[in-house]
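Visitor:
Numbering (this note's numbering), first residue to last: 1 to 308.
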């Protein structure tokens, strides 16, 4: 007897598709935001001051959304959630600093070297060597980073060593954030968890801003609209979409889709700012994306947490 679909099964079947669409939109928003962020830095905006404003705007937005939801009894923030918020603050600040010092696509590609850190950390903590396929993917990833960073370019003056180190540091923060996300675990209150994470990040960067005074550059008329855009379309919306999406599709699949971000960001950077990559950098970028995809397919346990 043929099975008939019910509204309930149809809804369940559409969930992965909706999750996929949500992740794709999140990736597009992040790619656009990265270029808007770059334009603000060109205008003289301080990366850390932008981190303050972006997080505060996103926190306010999440608080408004959370106020309209029917919530269970509020839980006290745990120490693990507090650490997660601090790591997110560090990740945002260092990532912005990398974008300020490197071409947009290169900064994002270096962020995606996070799987190397995860493999090394797992090998150290478990005292077990990774499989040959994992080692091969890691070597591919390392070679891709070498090409992207211009280490092999004949003109070594093009090599931005400090920028590359900051980019790799963003990958370290990304890894630490992902591992801490696993410690915190899944929650029945995803919006509440996100709100706490953004709130801690906002408090951290507000404490920094108190020592710096009023960020006048952010308040200039030509920058205000972009700053608000970063808070909403660069933080609040993409993180919410990505978080919602990975509740409906496998996290490793979401991360593979996220590797489209440097591709989209590079295309936009070329169109808007004339930023171009050399042939070796393009090859390196392809190797990094390929290696990340392979690592995600090899490991059943996701290598990335809830946010970028």
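For each residue, glycine too, the CB sits at the ideal point set by N, CA and C.
1) Please state if the CB of residue 225 and the CB of residue 29 are separated by a distance shorter than 9 Å.
2) Quick check for students: name the residue ranges of the beta strand (DSSP E) that lie wholly in the segment 100-184, counting only runs of 3 or more.
3) Which residue's Cα is closest to the Cα of residue 166: 201, 108, 227?
4) Can you give the Cα-Cα distance for residue 171 and residue 124, rounded to whole angstroms?
5) In terms of residue numbering, what span does the alpha helix (DSSP H) encompassing residue 226 cover?
6) Going by C-alpha to C-alpha distance, which of 91, 148, 110 sits closest to residue 180?
7) Is any heavy atom of the ligand ADP found at a distance shorter than 8 Å from the C-beta of residue 288?
8) Would you check if there are 3 or more beta carbon pairs closer than 8 Å linking the segment 96-103 to the segment 35-54?
9) Would you call the CB atoms of residue 62 and residue 204 closer than 9 Å?
10) Can you list, in chain order, the residues of its chain with a C-beta nearer than 6 Å to that of residue 127? Leave out the 5 residues immediately preceding and following it.
11) With residue 169 and residue 104 assumed to form a contact (beta carbons below 8 Å), what rounded beta-carbon distance in angstroms separates them?
12) Out of 68, 64, 33, 139, which has the shortest C-alpha to C-alpha gap to residue 50?
13) Hey, residue 278 and residue 270 are a contact pair by Cβ (cut 8 Å); roughly how many whole angstroms apart?
14) Report the CB separation of residue 164 from residue 149 in whole angstroms; it is logged as a contact under 8 Å.
15) Just to confirm my understanding: we take residue 294, look at its own chain, exclude 5 residues before and 5 after, and list those with CB closer than 6 Å. What are they?
16) Could you tell me the distance, in whole angstroms, from the CA atom of residue 289 to the CA atom of residue 259?
17) For residue 113, count neighbouring C-beta atoms within 10 Å of its own C-beta (all shown protein chains included) and say buried if the count is 16 or more, exposed if not.
18) Could you have a look at residue 215 and say whether DSSP puts it in helix, strand or coil?
19) Buried or exposed for residue 139, please, with buried defined as at least 16 other CB atoms from any protein chain shown within 10 angstroms of its CB.
20) For a quick check, are the C-beta atoms of residue 54 and residue 227 less than 9 Å apart?
21) Look at residue 31 and residue 215 and say whether their C-beta atoms are less than 9 Å apart.
22) Cα-Cα, which of 254, 116, 66 is closest to residue 20?
23) Do you know how far the Cα of residue 111 is from the Cα of residue 56?
24) Please determine, among 77, 115, 247, the residue with the shortest C-alpha to C-alpha distance to residue 141.
25) Do you know offhand how far residue 27's Cα is from residue 257's?
26) Which of helix, strand or coil does DSSP assign to residue 43?
27) So, residue 23 versus residue 246, is the Cβ gap smaller than 9 Å?
28) Output the boundary residues of the alpha helix (DSSP H) element that contains residue 78.
29) Where do the N-terminal and C-terminal ends of the alpha helix (DSSP H) with residue 293 fall, by residue?
Guide: The relevant details are as follows:
1) Against the chain shown, residue 29 aligns to sequence position 29. Against the chain shown, residue 225 aligns to sequence position 225. Cβ distance not < 9 Å, so residue 29 and residue 225 don't count as in contact.
2) Counting only runs of 3 or more, we get nothing.
3) Counting from one through the chain shown, the residue named residue 166 turns up at place 166. Closest option to residue 166, Cα to Cα, is 108.
4) For the purposes of this step, residue 171 is taken as the residue at position 171 of the chain shown. For the purposes of this step, residue 124 is taken as the residue at position 124 of the chain shown. If you take the alpha carbons of residue 171 and residue 124, they lie about 18 Å apart.
5) Walking along the chain shown from the start, residue 226 turns up at place 226. The continuous alpha helix (DSSP H) containing residue 226 extends over residues 221-231.
6) Translated into the one-based positions of the chain shown, residue 180 becomes position 180. Ranking 91, 148, 110 by CA distance to the CA of residue 180 puts 91 first.
7) Summarising the ligand content, the structure contains no ligands, and the ligand ADP is consequently not present.
8) Yes, the segment 96-103 is in contact with the segment 35-54.
9) Position 62 of the chain shown, counted from the start, is the residue given in the question as residue 62. Position 204 of the chain shown, counted from the start, is the residue given in the question as residue 204. In this structure, residue 62 keeps its C-beta atom at 9 Å or more from the C-beta atom of residue 204.
10) Taking the chain shown and counting its residues from 1, one reaches residue 127 at position 127. Nothing meets the Cβ criterion.
11) Position 169 of the chain shown holds residue 169. Position 104 of the chain shown holds residue 104. About 17 Å separates the two Cβ atoms, so there is no contact after all.
12) For the purposes of this step, residue 50 is taken as the residue at position 50 of the chain shown. Comparing Cα-Cα distances from residue 50 to each of 68, 64, 33, 139, the minimum goes to 33.
13) Here residue 278 refers to the residue found at position 278 when the chain shown is read from its first residue. Here residue 270 refers to the residue found at position 270 when the chain shown is read from its first residue. Residue 278 to residue 270, Cβ: 13 Å. No contact.
14) Counting from one through the chain shown, the residue named residue 164 turns up at place 164. Counting from one through the chain shown, the residue named residue 149 turns up at place 149. Taking the Cβ atoms as the reference, residue 164 lies roughly 4 Å from residue 149, within the contact range of under 8 Å.
15) By 1-based counting over the chain shown, the position of residue 294 is 294. If you ignore the 5 residues before and after residue 294, its C-beta comes within less than 6 Å of the C-beta of 137, all in its own chain and listed in chain order.
16) In the chain shown, the residue the question calls residue 289 occupies position 289. In the chain shown, the residue the question calls residue 259 occupies position 259. Going by C-alpha positions, residue 289 is about 6 Å away from residue 259.
17) Within the chain shown, residue 113 is the residue found at index 113, counting from 1. Buried, by the Cβ-count rule.
18) Within the chain shown, numbered from 1, the residue matching residue 215 stands at position 215. In the structure shown, residue 215 sits in coil (DSSP, three-state: anything other than H, G, I, E or B).
19) Along the chain shown, one-based indexing puts residue 139 at 139. Looking at its Cβ environment, which holds fewer than 16 other Cβ atoms inside 10 Å, residue 139 is exposed.
20) If you number the chain shown from 1, residue 54 lands on position 54. If you number the chain shown from 1, residue 227 lands on position 227. The Cβ atoms of residue 54 and residue 227 sit closer than 9 Å to each other.
21) What you label residue 31 is simply residue 31 of the chain shown in a count that begins at 1. What you label residue 215 is simply residue 215 of the chain shown in a count that begins at 1. No.
22) Locating residue 20 in the chain shown gives position 20, counting from the first residue. Of 254, 116, 66, the smallest CA-CA separation from residue 20 is found for 254.
23) Here residue 56 is taken as the residue at index 56 of the chain shown, counted from 1. Here residue 111 is taken as the residue at index 111 of the chain shown, counted from 1. Between the alpha carbons of residue 56 and residue 111 lies a distance of about 23 Å.
24) Translated into the one-based positions of the chain shown, residue 141 becomes position 141. Ranking the options by Cα distance to residue 141, first place goes to 115.
25) As a position in the chain shown, residue 27 is number 27, starting the count at 1. As a position in the chain shown, residue 257 is number 257, starting the count at 1. Answer to the nearest angstrom: the Cα atoms are 8 Å apart.
26) Sequence index remark: in the chain shown, residue 43 carries index 43 (1-based). Of the three classes helix, strand and coil, the one that applies to residue 43 here is coil, per DSSP.
27) Within the chain shown, the letter at position 23 stands for residue 23. Within the chain shown, the letter at position 246 stands for residue 246. It is a contact, given that the beta carbons lie within the stated cut-off.
28) What you label residue 78 is simply residue 78 of the chain shown in a count that begins at 1. If you look at residue 78, you'll find it isn't in any alpha helix (DSSP H); DSSP assigns it neither H nor E.
29) Indexing the chain shown from 1 puts residue 293 at position 293. For residue 293, the uninterrupted alpha helix (DSSP H) run begins and ends at 279-298, by DSSP.
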